[in-house]
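Participant: Here it is, the structure in full.
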């Protein structure tokens, strides 16, 4: 279990919904599949039984992950617009050399990160570079594609 799982209120609700679904629905479905497979006999060569057992193991592992995440969850509170970037803020940036192309990212915990949707993790190179930066500051991030320099334009 990690020390802290940063999530938005919506992200925590999603974790709880998935946990409920896996405990109340998925477990029952897998148990039914196992019961049917066992009734077929000869478990050694019963593919349905082996697949159901693998699904059961995966589901139980995921339940444990979700429980750990929920227990260690720290809800990211919506931050008022300020001059310094914090987790939960939406930040508008412009990469050096591309000042006409502003990008907007919301800084969230790793479990909710979805760069394509504009949500980046506070643990990502760009997220780490932004945390603590102020409006007007140019920051650098070491990304897999090389060093990226960008200016913080707006924090909301």
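Numbering (this note's numbering), first residue to last: 1102 to 1257. Positions of the beta carbon are idealized from the N, C-alpha and C atoms, including for glycine. Since the structure is predicted, the reported quantities are computational estimates derived from the model, not experimental observations.
#1: Kindly indicate which three-state DSSP category residue 1127 falls into: helix, strand or coil?
#2: Residue 1189 to residue 1208, Cα distance in whole Å?
#3: May I ask whether a heavy atom of the ligand HEM can be found less than 6 Å away from the beta carbon of residue 1252?
#4: Is it the case that the region 1154-1167 contacts the region 1120-1139, given that we only count it when at least three CB pairs across the two stretches are under 8 Å?
#5: With the cut-off set at 7 Å, would you say residue 1167 and residue 1119 are in Cβ contact?
#6: When DSSP labels each residue in this structure, what does residue 1148 get in the three-state scheme?
#7: Answer with buried or exposed for residue 1144, where buried requires no fewer than 16 other C-beta atoms within 10 angstroms of its C-beta.
#8: Going along the chain, which residues of its own chain have a beta-carbon closer than 8 Å to the beta-carbon of residue 1238, five neighbours each way excluded?
#9: How is residue 1250 classed by DSSP in three states: helix, strand or coil?
#10: How far does the beta strand (DSSP E) with residue 1203 in it extend, from its first residue to its last?
#11: Measuring alpha carbon to alpha carbon, tell me which residue in 1159, 1113 and 1146 is nearest residue 1123.
#12: Quick one: Cα of residue 1210 to Cα of residue 1202, how far?
#13: What residue range is occupied by the uninterrupted alpha helix (DSSP H) comprising residue 1227?
#14: I need the straight-line Cα distance from residue 1148 to residue 1233, nearest angstrom please.
Facilitator: For this structure:
#1: Sequence index remark: in the chain shown, residue 1127 carries index 26 (1-based). Three-state result, residue 1127: helix.
#2: The count along the chain shown starts at 1 and reaches residue 1189 at position 88. The count along the chain shown starts at 1 and reaches residue 1208 at position 107. When rounded, the distance between both Cα atoms is 5 Å.
#3: No copy of the ligand HEM appears in this structure; indeed no ligand is present at all.
#4: yes
#5: For the purposes of this step, residue 1167 is identified with residue 66 of the chain shown, where counting begins at 1. For the purposes of this step, residue 1119 is identified with residue 18 of the chain shown, where counting begins at 1. Contact flag set, yes.
#6: Start at 1 with the first residue of the chain shown, and residue 1148 comes out as number 47. Here residue 1148 sits in helix by DSSP.
#7: Position 43 of the chain shown holds residue 1144. Counting Cβ neighbours within 10 Å, residue 1144 comes out exposed, since fewer than 16 surround it.
#8: Against the chain shown, residue 1238 aligns to sequence position 137. Cβ neighbours of residue 1238 beyond the five flanking positions: 1252 and 1253.
#9: As a first step, residue 1250 is located in the chain shown; it is residue number 149 there, counting from the start. It is a strand residue.
#10: Stepping through the chain shown from its first residue, residue 1203 is reached at position 102. Note, residue 1203: beta strand (DSSP E), 1203-1209.
#11: The sequence position of residue 1123 within the chain shown is 22, counting from 1. Nearest of 1159, 1113 and 1146 to residue 1123, Cα basis: 1159.
#12: Taking the first residue of the chain shown as 1, we reach residue 1210 at position 109. Taking the first residue of the chain shown as 1, we reach residue 1202 at position 101. Distance between the alpha carbons of residue 1210 and residue 1202: 25 Å.
#13: Here residue 1227 corresponds to residue number 126 of the chain shown, with the count starting at 1. Per DSSP, residue 1227 belongs to the alpha helix (DSSP H) from 1226-1231.
#14: Taking the first residue of the chain shown as 1, we reach residue 1148 at position 47. Taking the first residue of the chain shown as 1, we reach residue 1233 at position 132. Cα to Cα, the separation comes out at about 54 Å.
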